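A.B. asks:
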Amino acid sequence: MLTNAELASWFEKIAELKELAGENAFAANAYRRAGQVLERTAQPVAEMEPALREQTLGKGMAAKATYWLALGSAPELEELEATIPEGVLRMLEVPGFGVKKVGTLWREHKIEDFEELVARAEAGTLAQLPGFGKGTQEAFLKHLATVREQEGKWWLHKATAAADEAIDALLPLPSVADAVVVGQLARSCEVVEEVAVLAGLSADTPSHTLLEAMPLFSLDRSRSGPGIYKGTWGGRGHFALYTCPAAQMAQEQVLLTGPATFLARAAKGGGTIAAAIRKGEAGIGEFERVTAAWGTYLEPELRDTPEAAPADGGRLVELADIKGILHCHSNYSDGQNSLQEMAAHCQALGYAYFGIADHSQTASYANGLSEERLLRQWEEIDRLNEQMAPFKILKGIESDILPDGSLDYPDRILAQFDYVVASVHAGLRMSADKATERLLRAIQNPYTTILGHATGRLLLKREGYPLDMEAIIETAARHKVSIEINANPHRLDLDWRFVYQATQAGVLLSINPDAHKLAGFDDMRYGVAVARKGGLQPAACLNTLHLPDFMAWLAGRRP
DNA sequence: GCCGTTTTCGGCCCGACTGTTTTCAGTCG
């Protein structure tokens, strides 16, 4: 059955292509709006009564959706795509290349082939076309380099899903004794260059038996050898399967998990870690091997920076330590589910409190809340809190940090929130000085409780603005502002590399899903994973506090 | 193309930024 997200992408694609084809922009916009409505609608259109479908999408668009649902495809989109060269469609994927620019290239300059565009940019002649300058050309070349650099790499959630699928396929095979994740994914790296799985075999297994079990894996023979199968998964992401006799699995697991810097470190009994790991007798497990070589057990995620490991008596934070959620969206702004649905889901997951932090008024693109709509939300929260007690919904907001560093409501409004997440959403291209100054001002605002996704990065897509993180951490510590670890696998921002530094400075970190729908809560696992990688312990994490303690903490820092 | 009507056609989100201009168009969030 088609999901709203799939239908939405078709509507939006049609809008874009209609504009590209030179049709009335407002007509195209009607499709775009239908797509945007769908993105914010939790109830599947496929399950809606016809009347509700019309009310949601409008008469014409509802009819289209109904037709596509019955057909399982959108002929209108396919027909449009058939009239546009593939290279032109590809140009639309380039940031900064919208329908107007691409339309000019295609119709006026007769450039249809993507490689021709690349060649022109590399030769420097793209900048000579009217409407295109050096800046556009350089941005395009930079984009190409980034795409090449990131080819085959994985977001953490996609890597996890692929590895799970591979292991599920391998384990039922009679000669596979066990199969585990190794490499960067085992170490919870925020971007995984290659998903790697190690299978321990109890008997000789022909390679085709292993490979046939994983139809999504396509082997690259030139990069493979005995016991090492490298290729791509699902035609895109880099993937590797390693095999070894079951008896050697523990040592291979440690060696393949790495990283090389850890394996090269000095072992407790002399020599390198790698040598010590190899030395252990057969039958000794992974835990015992690492413990013997390093002195204590070191979790895989800590092996990039063992210095961040908790001292004796400490331990890394776990998902079960998290008592409440502090950054989520509802359909008051750009979320898909209602406030009640989000809160009920949060409660069902076992959390004790739920902070709603919808977008603030300036975020018009995200349907940010005007003062008047805020009041309505607060009324609903009061009502729900009566019904759901002792579960508690907190009145939060994700306030845009405006270009000058101020928050997005007057103080008399800010004072009425239980807490404020302050985040940057617009004006992302700043110098380090300007960005730092802007964020420092927001942190110093007495109403700011949490600094949301600190750098604004989108992994594999967009670098964050440069920041003097030391100053940010130091100021956050001084003003008792928590820094968020945004658990969305596209963000994972604050970067785990600053977690140790922040906690050393006394900053409480908070791990938040930034969920825009019910399934978004599941991202908490990735936030916890990278928090652990940075060595975060439960006591240094704000939302491990029980509700009364959290409320007391908030009360203690009220302006 | 859809919506909401002062019911039959005018208005549709909008501000910031950037690069290319020479006063603004295109893109983005």
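For the first sequence, the positions run 2 to 560 when this note's numbering is used.
Note that CB positions come from ideal geometry on N, CA and C, so glycine has one too.
Quantities reported herein were computed from a predicted structural model and do not represent experimental measurements.
Any heavy atom of the ligand SAM closer than 8 angstroms to the Cβ of Leu-53?
C.D. replies: This structure simply doesn't include the ligand SAM, nor any ligand for that matter.
A.B. asks: Apart from the five residues on each side of it in sequence, which residues of its chain come closer than 6 angstroms, Cβ to Cβ, to Asn-368?
C.D. replies: Position 367 of the first sequence holds residue 368. Result list for Asn-368: Ser-334, Asp-335, in chain order.
A.B. asks: Please identify the residue among Ala-52, Arg-377, Ile-323 whose C-alpha is closest to the C-alpha of Cys-542.
C.D. replies: Here the question's residue 542 lines up with position 541 in the first sequence. Cα-wise, what sits closest to Cys-542 is Ile-323.
A.B. asks: With 16 as the cutoff for other CB atoms within 10 Å, does Lys-231 come out buried or exposed?
C.D. replies: To locate residue 231, count along the first sequence from 1; it is residue 230. Result: buried.
A.B. asks: Whose C-beta lies closer than 7 angstroms to the C-beta of Leu-459 among residues of the same chain, with five residues either side of it excluded?
C.D. replies: Taking the first sequence and counting its residues from 1, one reaches residue 459 at position 458. Taken in chain order, the residues that qualify are His-491, Arg-492.
A.B. asks: Can you check whether the CB of Glu-373 is closer than 9 angstroms to the CB of Val-529?
C.D. replies: If you number the first sequence from 1, residue 529 lands on position 528. If you number the first sequence from 1, residue 373 lands on position 372. Taking 9 angstroms as the Cβ cut-off, Val-529 and Glu-373 do not qualify as a contacting pair.
A.B. asks: Touch check for the segment 121-129 and the segment 23-43: three-plus C-beta pairs under 8 angstroms?
C.D. replies: The segment 121-129, when compared against the segment 23-43, does not touch it at the 8 angstroms Cβ threshold.
A.B. asks: How about Val-192 and Ala-164: do their beta carbons lie closer than 9 angstroms?
C.D. replies: Here residue 192 refers to the residue found at position 191 of the first sequence. Here residue 164 refers to the residue found at position 163 of the first sequence. Not in contact: Val-192 and Ala-164 (Cβ atoms no closer than 9 angstroms).
A.B. asks: Let me know the beta strand (DSSP E) ranges lying completely inside the segment 181-213, each 3 residues or longer, listed in chain order.
C.D. replies: Whole beta strand (DSSP E) segments, 3+ residues: 196-202.
A.B. asks: Relative to the C-alpha of Ala-556, which residue among Thr-450, Glu-464, Asp-469 is closest?
C.D. replies: Your numbering for residue 556 matches position 555 in the first sequence. It is Thr-450 whose Cα lies nearest to the Cα of Ala-556.
A.B. asks: Relative to the C-alpha of Gly-88, which residue among Glu-109, Glu-471, Asp-114, Ile-484 is closest?
C.D. replies: Locating residue 88 in the first sequence gives position 87, counting from the first residue. For the residues Glu-109, Glu-471, Asp-114, Ile-484, the minimum Cα distance to Gly-88 belongs to Asp-114.
A.B. asks: At the level of alpha carbons, what is the spacing between Ala-66 and Leu-8?
C.D. replies: Mapped onto the first sequence, residue 66 falls at position 65. Mapped onto the first sequence, residue 8 falls at position 7. Distance between the alpha carbons of Ala-66 and Leu-8: 7 angstroms.
A.B. asks: Check this for me: beta carbons of Phe-441 and Ala-455, under 9 angstroms apart or not?
C.D. replies: Within the first sequence, the letter at position 440 stands for residue 441. Within the first sequence, the letter at position 454 stands for residue 455. Note on identity: in this sequence residue 441 is Leu, with Phe being the wrong assignment. It is not a contact, given that the beta carbons lie outside the stated cut-off.
A.B. asks: Quick check for students: name the residue ranges of the alpha helix (DSSP H) that lie wholly in the segment 63-114, counting only runs of 4 or more.
C.D. replies: Counting only runs of 4 or more, we get 76-83, 87-92, 100-104.
A.B. asks: Would you mind listing the alpha helix (DSSP H) stretches within the segment 428-469 that are 4+ residues and don't spill past its ends, in chain order?
C.D. replies: Within the segment 428-469, the complete alpha helix (DSSP H) runs of at least 4 residues are 433-445.
A.B. asks: Looking at Asn-487: is its Cβ nearer than 9 angstroms to the Cβ of His-328?
C.D. replies: Within the first sequence, numbered from 1, the residue matching residue 487 stands at position 486. Within the first sequence, numbered from 1, the residue matching residue 328 stands at position 327. Yes.
A.B. asks: Over the uninterrupted alpha helix (DSSP H) stretch that includes Ile-278, give me the two end residues.
C.D. replies: Mapped onto the first sequence, residue 278 falls at position 277. Segment 274-280, the alpha helix (DSSP H) holding Ile-278.
A.B. asks: When DSSP labels each residue in this structure, what does Ser-511 get in the three-state scheme?
C.D. replies: Locating residue 511 in the first sequence gives position 510, counting from the first residue. Strand.
A.B. asks: Pull up the DSSP beta-bridge partners for Ala-241, would you.
C.D. replies: If you number the first sequence from 1, residue 241 lands on position 240. Paired residue(s): Ala-197, Lys-231.
A.B. asks: Grab me the residues of Phe-98's own chain with a C-beta within less than 6 angstroms of its C-beta, minus the 5 sequence neighbours each way, in chain order.
C.D. replies: Working through the first sequence from its first residue, we reach residue 98 at position 97. Correct list, in chain order: Met-92.
A.B. asks: Is the segment 285-293 in contact with the segment 468-478, if contact means three or more CB pairs nearer than 8 angstroms?
C.D. replies: With the cut-off at 8 angstroms, the segment 285-293 and the segment 468-478 do not touch.
A.B. asks: Based on the DSSP secondary-structure assignment, which residues constitute the bridge partners of Glu-485?
C.D. replies: Taking the first residue of the first sequence as 1, we reach residue 485 at position 484. In the DSSP output, where bridge partners are listed per residue, Glu-485 has Ser-511.
A.B. asks: Is the distance from the Cβ of Gly-184 to the Cβ of Ala-241 below 9 angstroms?
C.D. replies: In the first sequence, counting from the first residue as 1, residue 184 sits at position 183. In the first sequence, counting from the first residue as 1, residue 241 sits at position 240. Yes, these two residues count as a Cβ contact at 9 angstroms.
A.B. asks: Thinking Gln-362 and Asp-409 are a contact (beta carbons under 8 angstroms), I'd like their distance in whole angstroms, please.
C.D. replies: Taking the first residue of the first sequence as 1, we reach residue 362 at position 361. Taking the first residue of the first sequence as 1, we reach residue 409 at position 408. Right, the Cβ-Cβ distance comes to about 6 angstroms (below 8 angstroms), so this counts as a contact.
A.B. asks: On the CB-based measure, 16 or more other CB atoms within 10 Å of its CB, does Gly-536 come out buried or exposed?
C.D. replies: Your numbering for residue 536 matches position 535 in the first sequence. With 16 or more other Cβ atoms within 10 Å, it is buried.
A.B. asks: Report the CB separation of Ile-394 from Asn-386 in whole angstroms; it is logged as a contact under 8 angstroms.
C.D. replies: For this step, residue 394 is matched to residue 393 along the first sequence. For this step, residue 386 is matched to residue 385 along the first sequence. Going by Cβ atoms, the distance from Ile-394 to Asn-386 rounds to 6 angstroms, so yes, they are a contact pair.
A.B. asks: Here's a check: name, in chain order, each residue in its chain whose Cβ is nearer than 8 angstroms to the Cβ of Val-100, leaving out the five neighbours to either side.
C.D. replies: Reading the first sequence from its first residue, position 99 is the one you call residue 100. Cβ within range, chain order: Glu-17, Glu-20, Leu-21, Leu-93.
A.B. asks: Please list, in chain order, all residues of the same chain as Ala-433 whose beta carbon is under 7 angstroms from its beta carbon, the five residues on each side excluded.
C.D. replies: Taking the first sequence and counting its residues from 1, the one referred to as residue 433 is at position 432. Cβ neighbours of Ala-433 beyond the five flanking positions: Pro-467, Leu-468, Asp-469.
A.B. asks: Is it buried or exposed for His-209, if we count other Cβ within 10 angstroms and need 16 for buried?
C.D. replies: As a working mapping, residue 209 is identified with position 208 in the first sequence. Counting Cβ neighbours within 10 Å, His-209 comes out exposed, since fewer than 16 surround it.
A.B. asks: What are the residues that DSSP puts in a beta bridge with Arg-399?
C.D. replies: Numbered from its first residue, the first sequence carries residue 399 at position 398. The amino acid at residue 399 is misidentified as Arg; the sequence shows Glu. DSSP lists His-360, Val-422 as partners of Glu-399.
A.B. asks: Give the list of continuous beta strand (DSSP E) stretches no shorter than 3 residues that lie fully inside the segment 119-189.
C.D. replies: For the segment 119-189, whole beta strand (DSSP E) runs of length 3 or above, ordered along the chain, are 177-183.
A.B. asks: If I follow the unbroken beta strand (DSSP E) through Phe-218, where does it start and stop?
C.D. replies: Counting from one through the first sequence, the residue named residue 218 turns up at place 217. 218-220 is the extent of the beta strand (DSSP E) around Phe-218.
A.B. asks: Straight-line CA distance for Gly-271 to Asp-305?
C.D. replies: In the first sequence, residue 271 corresponds to position 270, counting from 1. In the first sequence, residue 305 corresponds to position 304, counting from 1. Each residue's alpha carbon lies about 20 angstroms from the other.
A.B. asks: Where Thr-273 and Val-500 are concerned, what is the direct C-alpha to C-alpha distance, given to the nearest angstrom?
C.D. replies: Translated into the one-based positions of the first sequence, residue 273 becomes position 272. Translated into the one-based positions of the first sequence, residue 500 becomes position 499. Each residue's alpha carbon lies about 28 angstroms from the other.
A.B. asks: Helix, strand or coil for Asp-496 per DSSP?
C.D. replies: Translated into positions along the first sequence, residue 496 becomes position 495. Here Asp-496 sits in coil by DSSP.
A.B. asks: My assumption, with CB atoms under 8 angstroms, is that Leu-340 sits in contact with Glu-380. Please give the rounded CB distance.
C.D. replies: Position 339 of the first sequence, counted from the first residue, corresponds to residue 340. Position 379 of the first sequence, counted from the first residue, corresponds to residue 380. Going by Cβ atoms, the distance from Leu-340 to Glu-380 rounds to 11 angstroms, so no, they are not a contact pair.
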